[in-house]
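S.K.: Residue numbers for the sequence shown follow numbering that gives the first Met the number 0, so the first one is 0 and each next one is one higher. C-beta: ideal position from N, C-alpha, C; glycine also. Take a look at the following structure, please.
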Amino acid sequence: MSTRTKFAELAPVELSTGSGPTLYGELSVPDGATGLVLFAHGSGSSRHSPRNQFVAHVLRDAGVGTLLFDLLTTEEEEADQYTSHIRFDLGLLAERLLQATEWAQSRADLQQLRLGYFGSSTGGGAALLAAAEQGDTVGAVVSRGGRPDLAGESLRHVVTPTLLIVGELDEPVVRLNEEAYDWMACEKELVIVPGATHLFEEPGALDHVARLAAHWFQEHLQPL
Numbered sequence: 000m001s002t003r004t005k006f007a008e009l010a011p012v013e014l015s016t017g018s019g020p021t022l023y024g025e026l027s028v029p030d031g032a033t034g035l036v037l038f039a040h041g042s043g044s045s046r047h048s049p050r051n052q053f054v055a056h057v058l059r060d061a062g063v064g065t066l067l068f069d070l071l072t073t074e075e076e077e078a079d080q081y082t083s084h085i086r087f088d089l090g091l092l093a094e095r096l097l098q099a100t101e102w103a104q105s106r107a108d109l110q111q112l113r114l115g116y117f118g119s120s121t122g123g124g125a126a127l128l129a130a131a132e133q134g135d136t137v138g139a140v141v142s143r144g145g146r147p148d149l150a151g152e153s154l155r156h157v158v159t160p161t162l163l164i165v166g167e168l169d170e171p172v173v174r175l176n177e178e179a180y181d182w183m184a185c186e187k188e189l190v191i192v193p194g195a196t197h198l199f200e201e202p203g204a205l206d207h208v209a210r211l212a213a214h215w216f217q218e219h220l221q222p223l
């Protein structure tokens with residue numbers, strides 16, 4: 000009998016590994032899930048981001064577990080409101096994502112789940128930076144309106160299947176995603192959502208993103 004705990008509803012969790020500060024998040028694992036997606040939010044955001052909450056809901060409906068958590072501590076968030084420098088510290092954001100990965104890997108009730116990353120804005124770059132370090136331990140990455148270019152040379156070392164999603168009208172970010180796409184040698188796909196801007200606020204745009212992400216994770220987060 001499986002020892003995996005089922006969290007049909009959102010369960011509050013504390014991510015403490017000894018390698019960094021305690022981070023706070025929300026975990027949900029639908030019955031029968033084979034994958035768990037860790038969310039790396041973008042600049043000035045948190046686990047309460049309505050866009051990431053929406054995507055997470057769609058993923059759970061598709062049978063994929065989700066872990067949304069705050070990459071910054073309360074003190075860091077308060078300081079960043081005045082300086083705005085921490086939210087662009089890609090190394091720190093990736094380090095926190097790796098800490099959450101370590102936490103998930105250490106739990107007996109989650110060890111059967113294949114891990115994936117969903118990153119938005121600067122979190123997209125952090126997800127790819129972390130994926131480059133994790134190798135094939137991470138089964139899939141999806142970036143929504145992300146900045147994969149911020150991962151720099153690490154893009155060449157990403158082996159994880161990666162889906163980049165960008166809004167058609169988010170022209171500067173489209174170009175940056177196209178450049179990053181060319182640097183990557185892994186299984187990859189770039190989808191430009193017609194008529195969408197950076198935050199995918201247009202009718203149906205975020206739903207399109209969520210369905211693309213759900214399909215990508217369903218396909219790639221299968222047991223080894």
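1) Does the beta-carbon distance from R146 to T121 come in below 8 angstroms?
2) Cutting at 6 angstroms between CB atoms, please list the residues of its own chain near V12, excluding the five before and the five after it.
3) So for L211, helix, strand or coil by DSSP?
4) Work out the CA separation of L109 and K5 for me, nearest whole Å.
5) With a 10 Å radius around its C-beta and 16 neighbouring C-beta atoms as the bar for buried, classify S119 as buried or exposed.
6) Would you identify the three-state DSSP class for F199, choosing helix, strand or coil?
7) For S48 and F38, I'd like the C-alpha separation in whole angstroms.
8) In this structure, how does DSSP classify E25 when only helix, strand and coil are distinguished?
9) Looking at the unbroken beta strand (DSSP E) that takes in T161, where does it start and where does it end?
10) Give the DSSP bridge partners of S48, in chain order.
11) Whole angstroms is fine: what's the gap from T161's alpha carbon to L211's?
12) Tell me the DSSP secondary structure of M0 in three-state form.
13) Please look up how many angstroms separate the CB atoms of G138 and H214, rounded, as I've assumed it's under 8 angstroms.
M.R.: On the basis of the supplied data:
1) Taking 8 angstroms as the cut-off, the beta carbon of R146 is found closer than this to the beta carbon of T121.
2) Excluding positions up to five away in sequence, the list reads G24 and L26.
3) Three-state result, L211: helix.
4) Only weak support exists for where K5 lies, its pLDDT of 49 falling under 50; the coordinates are left without a value.
5) Under a 10 Å Cβ-count criterion, S119 is classified as buried, with 16 or more other Cβ atoms of the shown protein chains found around its own Cβ.
6) Residue state for F199 is assigned as coil, using DSSP reduced to three classes.
7) Cα to Cα, the separation comes out at about 11 angstroms.
8) In the three-state reduction of the DSSP assignment, E25 falls in the strand class, which pools E and B.
9) That run of the beta strand (DSSP E) goes T161 to G166.
10) None; S48 has no bridge partner.
11) If you take the alpha carbons of T161 and L211, they lie about 12 angstroms apart.
12) Residue confidence is low: M0 scores 30 on pLDDT, short of 50, so the model does not pin down where it sits. Its coordinate-derived value is still stated next. M0 sits in coil when the DSSP states are folded into three classes, being neither helix nor strand.
13) Actually they are not in contact, since the Cβ atoms of G138 and H214 sit about 14 angstroms apart, beyond 8 angstroms.
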